[in-house]
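So the structure is just underneath, and the comments pick up after that.
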Amino acid sequence: MPDDQPIPQVRYRSMAEATKEEYELVFAEFHAFQAQIADRVLAELRRLEHSYPGELVDRLVHSRQTATRAFRDGRDEEYVVASLLHDIGDLLATGNHSEFAASILKPYVRPHTYWMIRQHGLFQGYYYFHHFGLDRNARDKHRGHPAFEMCVEFCDRYDQASFDPDYDTMPLAAFEPALRRLFAREPWGAHAKEQGGYSERF
Ligand SMILES: [Fe+2]
Ligand SMILES: [Fe+2]
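Residue 4 in this note's numbering sits at position 4 of the sequence shown; the count goes up by one each step and never skips.
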């Protein structure tokens, strides 16, 4: 619909009274809104620039550096974008940031990529839990999961290693085309049906 046209509105004031035609109208608008998710994700990533004082790099640099290392290691585009987003929940979901990032990615990535991001917070515990009386091997409860080693490797090679202000970290703009391609995928499309698919959608 051209920008100068008003968006048609439904009449319902409760979902119970809405008609199929009204839902179709709303869904048409929803799909256009959903297509702009890449813009919203990029905006949220940029907000990470002002976070986590005390470390040598802010969370945006850490995120870019994690993605840069994955990219230079030859990981595929989905993996690299997931790496870029893995800490996007650090502003709004500080108590469960892994779940936050994984949820954003879930309809657009393969189940193993989702699981890797979903579990990375626990797996990162290997590097510091023992300093605080916690079990650094707590991740072992997931041993046997098909993405277990994938998550171990993500943390070892990219995530835990990416706090270096002197590393040649790529700019956010370098990842933008890949990010836009990922979020242009059909949500819950063919990629989401690989590796056994997801057991839950809604
Ligand atoms: Fe994290
Ligand atoms: Fe991280």
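Glycine included, C-beta positions come from ideal geometry on N, C-alpha and C.
As the structure is a prediction and not an experimental result, all values here were calculated from the model.
By Cβ distance below 6 Å, which residues in the same chain neighbour R110 in space, the five residues on each side in sequence not counted?
Only residues of its own chain outside the window of five on either side were considered, and among them H191, E194 and Q195 have a CB closer than 6 Å to the CB of R110, listed in chain order.
With distances taken Cα to Cα, identify the nearest neighbour of G89 among E29, R47, F154 and E17.
For G89, the nearest C-alpha among the options comes from R47.
Helix, strand or coil at Q248 according to DSSP, with G and I counted as helix
The structure shown does not extend to residue 248, since the chain is modelled only from 1 to 202, so the question has no answer here.
Tell me the start and end of each unbroken alpha helix (DSSP H) in the segment 120 to 169 that is at least 4 residues and wholly inside, in chain order.
Note on the segment 120 to 169: whole alpha helix (DSSP H) runs with a minimum of 4 residues are 148 to 153, in chain order.
Out of L92, H130, A93 and H145, state which residue places its alpha-carbon closest to the alpha-carbon of M116.
Comparing Cα-Cα distances from M116 to each of L92, H130, A93 and H145, the minimum goes to H145.
With a 10 Å radius around its C-beta and 16 neighbouring C-beta atoms as the bar for buried, classify H220 as buried or exposed.
Residue 220 cannot be examined here, being either before or after the span of the chain that is shown, 1 to 202.
Using only the heavy atoms of ligand 1, determine whether one of them is closer than 7 Å to the beta carbon of H86.
Yes, Cβ of H86 sits closer than 7 Å to a heavy atom of ligand 1.
Pairing CB atoms from the segment 93 to 102 with CB atoms from the segment 118 to 131, are three or more of them under 8 Å?
Between the segment 93 to 102 and the segment 118 to 131, the count of Cβ pairs shorter than 8 Å is three or higher; the stretches touch.
Put I104 into one of helix, strand or coil per three-state DSSP.
Of the three classes helix, strand and coil, the one that applies to I104 here is helix, per DSSP.
Nearer than 7 Å: is that true of the beta carbon of H130 relative to any heavy atom of ligand 1?
The answer is no for H130.
Between the alpha carbons of R64 and R75, how many angstroms are there, rounded?
Inter-residue distance for R64 and R75 is about 14 Å (C-alpha atoms, whole angstroms).
Reduced DSSP category for D39 - H, G, I as helix; E, B as strand; rest coil:
Three-state DSSP puts D39 in a helix.
Whole angstroms is fine: what's the gap from D159's alpha carbon to T68's?
In a straight line, the C-alpha of D159 is about 11 Å away from that of T68.
Beta-carbon gap between R11 and E22 smaller than 8 Å
Their beta carbons are under 8 Å apart, which means R11 touches E22 by this criterion.
Is the distance from the Cβ of I7 to the Cβ of E24 below 8 Å?
With contacts defined by Cβ atoms closer than 8 Å, I7 and E24 do not form a contacting pair.
Pick from G197, Q9 and T113 that is closest to F153, judged by C-alpha positions
Inspection of the sequence shows that residue 153 is occupied by Glu rather than by Phe. The shortest Cα separation from E153 among G197, Q9 and T113 belongs to T113.
State the CB to CB distance for the pair E176 and L42, rounded to an integer number of angstroms; the pair is presumed to be in contact (CB under 8 Å).
Confirmed, Cβ separation roughly 7 Å.
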